[in-house]
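Presented below is the structure to which this report refers.
Protein chains: 2
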Amino acid sequence: MTTATALATADPAGHVDAGRLLARLDALARHGARADGGVDRPALGAAEIAARADLVAWGRASGLTPYTDGLANLFLRLPGFADAAPVLVGSHIDSQPTGGRFDGTVGVLAALAAVEAIRAAGIRPKRPIEVVAWMNEEACRFAPGMMGSEAYAGLKTVDQILPIKDAAGTTVGEAAAAVLAADRDVPLRPLPGRAHAFVEAHIEQGTVLEAAGVPLGIVTGIQGTRRYRIRVTGEAAHAGTTARSDRRDALMAAMRMIAAVEDLTREAADTLFTVGLFEVKPNAPSVIPAEAFFSIDVRQADDAVLDRLGTAIPETLAAHAGPCSVDVREIAHAPSVAFDEGLRCTLSKAAAALGAPAMDVFSAAGHDARSLARVCPTAMLFIPCRGGVSHHPSEHAEAEHIVLAARVLATTLARLADG
Amino acid sequence: MTTATALATADPAGHVDAGRLLARLDALARHGARADGGVDRPALGAAEIAARADLVAWGRASGLTPYTDGLANLFLRLPGFADAAPVLVGSHIDSQPTGGRFDGTVGVLAALAAVEAIRAAGIRPKRPIEVVAWMNEEACRFAPGMMGSEAYAGLKTVDQILPIKDAAGTTVGEAAAAVLAADRDVPLRPLPGRAHAFVEAHIEQGTVLEAAGVPLGIVTGIQGTRRYRIRVTGEAAHAGTTARSDRRDALMAAMRMIAAVEDLTREAADTLFTVGLFEVKPNAPSVIPAEAFFSIDVRQADDAVLDRLGTAIPETLAAHAGPCSVDVREIAHAPSVAFDEGLRCTLSKAAAALGAPAMDVFSAAGHDARSLARVCPTAMLFIPCRGGVSHHPSEHAEAEHIVLAARVLATTLARLADG
């Protein structure tokens with residue numbers, strides 16, 4: 005058995021291959037590359053299939069064994085000598101339609117570099133360590149997001165997830181089948197899965213680290229969120245002949261609803277309110293809209309505030325429907341999460357051992373770590389992202405910070421796999 | 005030469021073939037038929053090409069000669085014995101995406117039935133009479149609408165119209181070329197064209213006739229309109245990590261603009277304000293919208309009110325842009341139109357001769373007659389439409405009213421062609 009002393013001697017962090025890690029970051033960015041330098045890589049799409057093939061090839065070349073499951077989560081496994089639940093490390097490789105090269109991807113590639121470093125250092129871990137790319141974190145093709153990690157953690161069943169459709173009417177089941185057909189030689193494992201611990205590295209998507217000039221954030225937790233889909237039904241009619249008083253204008257009703265809910269969310273100054281999706285039908289300039297369909301996304305660290313909004317939002321939407329009818333579905337409700345104290349401490353020590361400054365930060369964005377935190381000790385490591393900008397082609401993280409995250413992960417995973 | 009007395013004896017109205025007219029109404033409704041009984045027949049699309057083929061075949065079978073022009077307006081010509089500008093009669097066959105079977109179509113088919121009746125009555129007119137189906141009245145595929153009639157009247161040049169694109173990026177030029185290729189054996193004529201007079205029958209798209217229980221409306225004029233396209237540019241950013249104060253949310257800016265312009269249009273109680281088109285990019289639930297694109301359509305009979313709005317709307321839009329930028333394009337501005345007194349009188353007399361009650365009505369909707377009114381005596385004949393509903397699959401007009409309109413047109417056209 006590898007002892008703590010042996011681990012220290014083995015120096016896995018020192019074996020992180022920085023050049024290879026950064027070259028892979030470039031390589032993955034080509035799958036779904038946008039003309040503006042960003043990435044458009046929807047969950048379970050062709051670009052993601054190509055990116056998975058790269059990950060599988062890289063993992064195999066480094067002696068890792070790929071696995072997948074019925075939802076096309078992807079695992080690259082370094083075996084342990086004990087029959088024990090694995091230490092999981094990773095993030096996701098799907099992106100927003102106007103996404104960047106770093107969100108999700110750095111967490112998967114830093115994890116792979118860390119596990120390769122452990123192997124290169126000659127460490128044979130007690131527990132298996134698995135690099136994971138969770139299916140559909142972003143929720144832009146299929147909603148809600150974090151499907152893969154929620155199913156792995158047993159928070160949702162596969163049967164609940166497979167029938168969900170994208171805008172074109174394709175189900176998760178159909179899209180996942182296409183992905184699994186593409187990597188036919190990767191063995192399938194059942195869901196939910198086992199987990200001894202989970203660590204996820206990610207860009208901060210905020211400005212705390214950048215402002216403080218600190219390269220690493222030990223994430224204390226994730227703010228809560230509630231997500232809705234609202235369908236307002238009015239009646240199509242001629243824009244030039246229908247008197248104001250006779251109109252059932254779904255767009256104008258939706259506007260009143262959104263203004264009222266935005267007011268509501270100003271109760272707490274730090275509540276974030278976003279309508280990112282908005283569509284009308286028939287969407288013709290001379291026709292009064294018969295239907296409006298939109299999303300509401302609210303985020304708030306204080307669960308009490310979020311609970312009050314959960315009551316008030318549907319009431320407010322209904323109160324402003326006017327002559328239209330409204331259907332409100334809450335598609336996700338995740339209370340705030342506090343990450344595992346012990347695991348946060350392990351990450352801090354790993355950073356300290358490398359002489360790297362680190363500070364506590366809170367995550368405003370949701371992550372797959374939220375799902376895993378429900379079933380195993382879980383923590384996250386943030387690196388700065390320029391200007392706090394993410395979900396945008398100009399998203400940027402420094403190479404040295406990405407490499408540093410991989411080194412901290414290497415030390416941390418070696419400890420965790422020994423536990 | 006046919007004298008007025010001879011015309012009265014010939015009784016063209018009595019030769020209207022009601023059964024054939026109604027059967028053709030059913031036949032045209034099959035081109036672009038929606039499952040809900042409505043019609044979706046965009047300008048210059050495949051369904052319109054099929055509908056045109058029917059019109060050409062019906063016209064030829066009745067001894068009329070088809071013509072077209074560079075914008076794919078379609079004409080079915082009954083020759084006159086003098087070399088004179090034609091009397092034009094017709095409407096359009098394109099529809100809104102959620103359109104009905106009557107808007108536009110009844111005007112073309114009643115016109116065809118009227119011209120056939122004139123021929124069947126043995127009348128050889130002095131002036132040619134041409135049934136016309138104007139290209140793109142509705143403005144839902146290509147904007148603004150009334151392209152065909154505006155070019156015929158010389159209000160716009162073909163070169164101004166051909167480069168206009170639909171949502172898929174197809175230009176009018178490309179789409180028109182496909183239509184013209186489909187009816188290769190129909191001779192092309194130059195634009196602008198000649199016109200001695202124009203008469204258009206149409207469903208009212210309002211409730212005045214229905215409420216009064218009167219089957220025919222002699223249209224006094226058309227209310228003015230201004231139409232805009234507004235592009236709001238903000239910045240895409242993460243919905244969970246971007247503080248309210250750091251956001252450049254294009255959707256929220258667009259909502260503020262629309263609310264403010266709606267307020268503005270309440271100065272006059274009868275101003276109609278519609279946002280029928282509204283799109284956001286990237287249209288993802290977790291991404292703050294980087295762009296919002298929407299239409300504004302205002303209608304008002306009083307040109308002074310419309311002029312004030314023309315100044316105030318762009319100012320108001322700019323004033324509510326907040327942290328976003330806004331680009332405002334006015335794509336159409338049509339002042340109110342008053343139709344020709346003499347031609348209205350001719351229509352009234354034709355109705356009276358048939359013993360049909362008629363009343364004056366004002367048109368809230370725009371029509372191709374607006375374009376022709378700029379270059380020749382022009383008038384319109386309305387028939388009731390149930391509940392005032394149009395641009396909707398439930399749009400309905402009574403068969404007896406459609407036939408009556410054809411009969412009034414037959415008498416009117418015979419008089420006009422003799423002038």
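Protein sequence lines correspond, in order, to chains A and B.
Our numbering numbers the first residue of the first sequence as 5 and each following residue consecutively.
Our numbering numbers the first residue of the second sequence as 5 and each following residue consecutively.
All C-beta atoms, glycine included, are put in the ideal place defined by N, C-alpha and C.
Computed from a predicted model, the values in this text were never measured in an experiment.
From the beta carbon of residue i, is the nearest beta carbon of chain E less than 9 Å away?
{"i": "D306 of chain A", "result": "Among the protein chains in the structure shown, which are A and B, there is no chain E."}
Does the beta carbon of residue i come closer than 9 Å to any beta carbon on chain B?
{"i": "V291 of chain A", "result": "yes"}
{"i": "D274 of chain A", "result": "yes"}
{"i": "D331 of chain A", "result": "no"}
{"i": "C144 of chain A", "result": "yes"}
{"i": "P339 of chain A", "result": "no"}
{"i": "A147 of chain A", "result": "yes"}
{"i": "E266 of chain A", "result": "yes"}
{"i": "Q164 of chain A", "result": "no"}
{"i": "A410 of chain A", "result": "no"}
{"i": "R231 of chain A", "result": "yes"}
{"i": "M5 of chain A", "result": "For M5 of chain A, the predicted model reports a pLDDT of 42, less than 50, meaning its position is unreliable; a value from the coordinates is still stated below. No, M5 of chain A lies away from the interface with chain B (no Cβ there is under 9 Å from its Cβ)."}
Does residue i get closer than 9 Å to chain A when you measure Cβ to Cβ?
{"i": "F277 of chain B", "result": "yes"}
{"i": "V393 of chain B", "result": "yes"}
{"i": "H396 of chain B", "result": "yes"}
{"i": "H242 of chain B", "result": "yes"}
{"i": "C328 of chain B", "result": "no"}
{"i": "D250 of chain B", "result": "yes"}
{"i": "P101 of chain B", "result": "yes"}
{"i": "A14 of chain B", "result": "no"}
{"i": "A369 of chain B", "result": "yes"}
{"i": "E239 of chain B", "result": "yes"}
{"i": "G23 of chain B", "result": "no"}
{"i": "A247 of chain B", "result": "yes"}
{"i": "A294 of chain B", "result": "yes"}
{"i": "T174 of chain B", "result": "no"}
According to DSSP, what are the bridge partners of residue i?
{"i": "P70 of chain A", "result": "A:L80"}
{"i": "T175 of chain A", "result": "A:K169"}
{"i": "K160 of chain A", "result": "The partner list for K160 of chain A (beta bridge, DSSP) is empty, contrary to what the question assumes."}
{"i": "I207 of chain A", "result": "A:I387"}
{"i": "R193 of chain A", "result": "A:D73"}
{"i": "A185 of chain B", "result": "Paired residue(s): none; A185 of chain B is not in a bridge."}
{"i": "L220 of chain B", "result": "B:A362"}
{"i": "A37 of chain B", "result": "B:V43"}
DSSP state of residue i, grouped into three classes?
{"i": "H19 of chain A", "result": "helix"}
{"i": "M384 of chain B", "result": "strand"}
{"i": "A409 of chain B", "result": "helix"}
{"i": "G391 of chain B", "result": "helix"}
{"i": "E428 of chain A", "result": "Only positions 5 to 423 of chain A appear in the structure, and residue 428 of chain A is not among them; the question remains open."}
{"i": "G423 of chain B", "result": "coil"}
{"i": "V43 of chain A", "result": "strand"}
{"i": "A201 of chain A", "result": "strand"}
{"i": "G149 of chain A", "result": "coil"}
{"i": "A424 of chain A", "result": "Absent from the structure is residue 424 of chain A, since the part of chain A shown begins at 5 and ends at 423."}
{"i": "A377 of chain A", "result": "coil"}
{"i": "L26 of chain B", "result": "helix"}
{"i": "E402 of chain B", "result": "coil"}
{"i": "G63 of chain B", "result": "helix"}
{"i": "L48 of chain B", "result": "coil"}
In chain A, what lies closer than 7 Å to residue i by C-beta?
{"i": "M259 of chain B", "result": "M259, I262, A263"}
{"i": "V284 of chain B", "result": "F282"}
{"i": "G210 of chain B", "result": "T245"}
Give the residues of chain B in contact with residue i, contact being defined as C-beta atoms less than 7 Å apart.
{"i": "L255 of chain A", "result": "V279, F282"}
List, in order along the chain, the chain A residues whose C-beta lies closer than 8 Å to that of residue i?
{"i": "S299 of chain B", "result": "P289"}
So which residues of chain B does residue i contact, with C-beta pairs closer than 8 Å?
{"i": "G177 of chain A", "result": "Residues of chain B passing the Cβ test: none, with the nearest at roughly 21 Å."}
{"i": "R2 of chain A", "result": "Residue 2 of chain A is absent from the structure shown; chain A starts at 5 and stops at 423."}
Cβ closer than 9 Å: which chain B residues qualify as neighbours of residue i?
{"i": "R303 of chain A", "result": "A243, G244, T245"}
- Residue ranges of each beta strand (DSSP E) run of no fewer than 3 residues wholly in the segment 292-373 of chain B, ordered along the chain? DSSP runs (the beta strand (DSSP E)) wholly in the segment 292-373 of chain B: 295-304, 329-338, 362-367.
- Which runs of the beta strand (DSSP E), 3 residues or longer, sit entirely within the segment 78-146 of chain B? 78-82, 91-96, 133-138
- Item | Continuous beta strand (DSSP E) assignments of at least 3 residues falling wholly in the segment 223-279 of chain B | 228-237, 276-278
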